[in-house]
Each structure stands twice: as C-alpha cells, then as structure tokens.
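Under this note's numbering, residues 1060 to 1138 are what the sequence shown spells out, in order. Comments concern the structure below.
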Amino acid sequence: MYSEEVFITLIRVAEEDENIRRFLRTVAGLDTFQRNSLINGFIMEMTLKGAPSEFINAIAALRNPGVIDALREWLDGKS
C-alpha cells in the first residue's frame, strides 16, 4: 500500500517539470531491479542537491509496485 498524497506530490512535480516526466516514463518502463537501481541513484543525487524531503519520499515510493502501477495508468492517460 502507498500513500495517495505521495503519488499526488509526484504527479504535481511531473506536471511542472519535463525532466521529471521523462524520468518517470523511464522508470515506468524498467524491470524491478533496473528501476530500483535508477531510483536509488536519483535519490542520492537529489539528496546531495538538497531536494525537499517530500520530493525524495515521493521518488522513493516508486519502489512500491502499487505506485508504479498507478504511475503507468497516469502515463497511459497522458499519451
């Protein structure tokens, strides 16, 4: 289970930032191992850059299969 608030935060950021949208599209297309590796690296990068904890938590939530499923549905609606 995941927090709907976390997903909403992620979508809001994606709607405002094309780079994040591209990142999410990439993440959604990867298998679990590759996805988690990319997410972990991105979290480290964002932490070093001082990104807000809410954003980092939203990215970390992408490790959850339920969040990925919801993300894929959202992305399908954007296509």
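Here a beta-carbon is modelled for each residue, glycine too, at the ideal position from N, C-alpha and C.
Exercise for the section: Using three-state DSSP, classify ASP1076 as helix, strand or coil. Expected result: In the sequence shown, the residue the question calls residue 1076 occupies position 17. ASP1076 falls in the coil class under three-state DSSP.
Problem - For THR1091 and ARG1071, the rounded distance between their alpha carbons - result: Here residue 1071 is taken as the residue at index 12 of the sequence shown, counted from 1. Here residue 1091 is taken as the residue at index 32 of the sequence shown, counted from 1. So the alpha carbons of these two residues sit roughly 24 Å apart.
Handout entry: Status (buried if at least 16 other CB within 10 Å, exposed otherwise) for ILE1079
Key = To locate residue 1079, count along the sequence shown from 1; it is residue 20. Buried: at least 16 other Cβ atoms inside 10 Å.
Exercise for the section: Let me know if ILE1127 comes out buried or exposed under the rule of 16 or more other beta-carbons within 10 Å of its beta-carbon. Expected result: One-based indexing of the sequence shown puts residue 1127 at position 68. By the 10 Å Cβ count, ILE1127 comes out buried.
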